[in-house]
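Numbering (numbering that gives the first Met the number 0), first residue to last: 0 to 126. Written out below as structure tokens is the structure these notes cover.
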Amino acid sequence: MSAPQLLVSRCPSCTLRYLPRAGPCPKCGSMEAQPLAIPPQGTVLAATELESPAAGWPPPHRIALVELAQAVRLLALVDGSLPPLGTVVTVRRDADTYRVMSQPTGGTRGGGVSEGRGARPPFEPPR
Ligand SMILES: [Zn+2]
């Protein structure tokens, strides 16, 4: 495989780029959306930790608002510590969710990455 990419939708009528979804373009209503592969790196705009997430989501539940290079924004689950704002993260799609891996605070690029509190059990999003 080549460099990992993330698949989004691009509307040929208004050029809006958005996460793949059923139905028309959310901006102009066109049904002609086309898949577009973009780099999966994005910038963290906001991040928070929910100590009492909804049923089916194990705590602590960390989520981040990430803006990708093509101005597509998404909410992603955070694996690891809460990323500082402005952090560049790599987004990957995991079934119906998006995930980012965050380096522990104070970690350096390429340095030793600790697992913090240890591996958590596999995550199953509610259906
Ligand atoms: Zn459109």
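No residue lacks a Cβ here, since even glycine has one placed at the ideal position from N, Cα and C.
Contact belief for residue i with residue j at Cβ below 8 Å, rounded distance in angstroms
i	j	result
residue 9	residue 36	So it is not a contact: roughly 10 Å between Cβ atoms.
residue 87	residue 18	About 19 Å; that fails the 8 Å criterion.
residue 62	residue 42	Not a contact, Cβ separation roughly 15 Å.
residue 21	residue 84	Not a contact, Cβ separation roughly 32 Å.
Top-ranked residue by Cα proximity to residue i, from the options
i	options	result
residue 5	101, 102, 66, 79	66
residue 11	20, 44, 98, 28	28
residue 39	25, 95, 69, 84	69
residue 73	91, 23, 30, 2	91
residue 95	16, 76, 89, 2	76
residue 3	81, 89, 26, 15	89
residue 64	16, 34, 99, 7	99
residue 81	59, 54, 16	59
- For ligand 1, enumerate in chain order all residues having a CB closer than 5 Å to any of its heavy atoms. Answer in sequence order: 10, 12, 13, 15, 24, 26, 27, 29.
- Query: What residue ranges within the segment 24 to 57 form continuous beta strand (DSSP E) runs of no fewer than 3 residues, ordered along the chain?
  - Reply: Counting only runs of 3 or more, we get 33 to 37, 40 to 49.
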